[in-house]
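Some notes on the structure that comes next.
Residue numbers (the working numbering): 6 to 399.
Given below as structure tokens:
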């Protein structure tokens with residue numbers, strides 16, 4: 006479809022610029038309901054916005070978390086999806102960083118790059134708040150939506166992306182422009198999970214050579230943490246899960262030890278800090294969203310200097326706990342969003358590393374489906390437990 010689109014680029018763009026586009030989308034009508042295949046209308050982009058044709062979308066657990074009703078910001082009806090590879094169809098007034106025909110990865114963590122944005126100007130964070138409030142309300146920055154259903158009723162946006170649609174509209178500051186030669190059905194993974202895991206290691210924790218690491222939860226994010234830790238030179242990487250079927254993939258990524266925490270006769274933190282290591286690991290990562298696991302990850306961190314990083318998103322209302330003595334005795338508890346990567350600057354660089362053969366990501370893609378209507382099958386695959394990333398090609 007990339008090649009066909011490239012050949013027809015000029016004709017397609019001439020025929021649709023400034024006009025509404027009718028296309029297929031998977032609409033989430035209510036929590037805990039299968040997505041419904043619908044023909045929707047996607048309005049043209051307004052000032053500072055970009056309309057894109059979605060070529061491939063990878064399913065992330067955050068989509069399922071919202072669909073299952075756990076997201077306090079979840080709004081229905083909406084179009085989910087936020088890990089995608091797209092081609093720009095048209096741009097709104099004032100857009101300069103991308104043009105029709107450019108290949109982009111939508112980023113739910115935007116980067117406005119404005120001189121007065123203290124977040125974008127700080128090297129300490131990637132959390133640009135420029136469109137945070139509107140994005141959380143399922144609307145575009147001007148307060149309206151770009152999607153309508155067959156009856157003309159509005160459909161909410163999701164995470165500023167909404168890529169379970171053949172076309173979507175993004176804020177310009179959410180578009181990471183990438184190498185046109187990169188396969189969109191692979192590099193779409195850099196839109197969320199893989200980047201998050203790698204960045205937690207490289208940016209948030211800055212894991213050093215010879216470090217010891219424990220990773221809790223071996224989905225795509227957990228495996229990306231393992232991959233990033235191995236690339237950083239970690240000497241011991243302990244992979245923890247309750248599904249031993251996930252261990253071979255973890256070992257392939259670089260895990261040196263595996264632990265099925267459900268089979269232990271003691272808390273997993275006592276097993277790691279006491280048996281597998283004397284004092285705990287230098288770095289631990291929670292990739293589960295389970296607050297009990299977050300505690301275990303902190304408490305297996307090394308006395309005096311261990312750092313534990315929360316990556317998993319907990320269900321609304323859940324709180325973390327530990328004894329303050331854990332922190333008094335030198336442990337650090339931190340968290341990360343999108344791995345600390347500044348999206349528009351860093352995602353293109355991750356793609357370049359992939360293109361150079363230095364950052365393989367093919368092993369994450371365990372399932373592939375064709376057509377936006379294949380999304381419900383992808384959701385079933387993700388629920389099945391053996392799926393890391395299911396990519397749906399439109």
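Even glycine gets a Cβ: it sits at the ideal position worked out from N, Cα and C.
In this structure, the straight-line span from the alpha carbon of residue 303 to that of residue 211 is close to 17 Å. In the structure shown, the three-state DSSP call for residue 221 is strand. If you look at residue 111, you'll find it in the beta strand (DSSP E) that goes 108–111. The beta carbons of residue 47 and residue 26 sit closer together than 7 Å.
In terms of Cα proximity to residue 276, the closest of 342, 244, 250 is 244. Secondary structure note for residue 332: its alpha helix (DSSP H) is the uninterrupted segment 329–333.
Following the DSSP letters along the chain, one finds residue 125 in no beta strand (DSSP E) but inside the alpha helix (DSSP H) bounded by residues 123–126. The residue among 174, 130, 222, 347 with its C-alpha nearest the C-alpha of residue 149 is 174. Taking a contact to require three or more Cβ pairs closer than 8 Å, the region 248–256 and the region 211–229 qualify as touching. Non-local beta-carbon contacts of residue 69 in its own chain, meaning distances under 7 Å to residues more than five positions away in sequence, involve 384, 387 in chain order. Below 8 Å, too few C-beta pairs join the region 309–322 and the region 166–186 to call them touching: fewer than three.
With contacts defined as CB atoms closer than 7 Å, residue 203 and residue 389 fail to qualify as a contacting pair.
Closest in alpha carbon position to residue 42, among 371, 29, 72, is 29. Annotated as distal: residue 112 and residue 135, with beta-carbon spacing of 7 Å or more. Taking C-alpha positions only, residue 137 is separated from residue 340 by approximately 18 Å. Out of 359, 346, 91, 236, the CA that lies nearest to the CA of residue 124 is found in 346. Under a 10 Å Cβ-count criterion, residue 142 is classified as exposed, with fewer than 16 other Cβ atoms of the shown protein chains found around its own Cβ.
Counting only runs of 3 or more residues that sit fully inside the region 335–399, the beta strand (DSSP E) segments are 337–340, 370–375, 394–398, in chain order.
Pairing residue 82 with residue 34 gives a Cβ-Cβ distance under 7 Å.
When the alpha-carbon of residue 114 is set against those of 97, 181, 72, the nearest one is in 181. Residue 257 sits in a helix when the DSSP states are folded into three classes.
For the set 326, 214, 144, 368, the Cα lying nearest the Cα of residue 194 is the one of 368.
Approximately 5 Å separates the beta-carbon atoms of residue 93 and residue 107; this is inside 8 Å, confirming the contact. Listed in chain order, the non-local C-beta contacts of residue 22 below 7 Å within the same chain comprise 95, local neighbours out to five positions each way being set aside. When C-alpha distances from residue 196 are compared across 398, 353, 52, 99, the shortest belongs to 353. Here the alpha carbon of residue 65 sits roughly 24 Å from the alpha carbon of residue 146. Contact between residue 366 and residue 109 is absent: CB atoms are separated by about 18 Å, not below the 8 Å threshold.
Comparing C-alpha distances from residue 86 to each of 63, 308, 307 shows the shortest one belongs to 63. Going by DSSP, residue 204 is part of the alpha helix (DSSP H) stretching over 198–204.
Annotation for residue 173: the continuous beta strand (DSSP E) segment containing it runs 172–176. Residue 71 and residue 306 have their C-alpha atoms spaced approximately 31 Å apart. Taking 7 Å as the cut-off, the Cβ atoms of residue 97 and residue 50 count as close. Annotated three-state conformation of residue 266 is helix, per DSSP. If you draw a 10 Å sphere on the C-beta of residue 349, you find 16 or more other C-beta atoms in it, and that means buried. At a cut-off of 4 residues, the continuous stretches assigned as alpha helix (DSSP H) that sit fully inside the region 127–193 are 137–141, 189–192. The beta carbon of residue 214 lies closer than 6 Å to those of 238 in the same chain, with the five residues before and after it left out.
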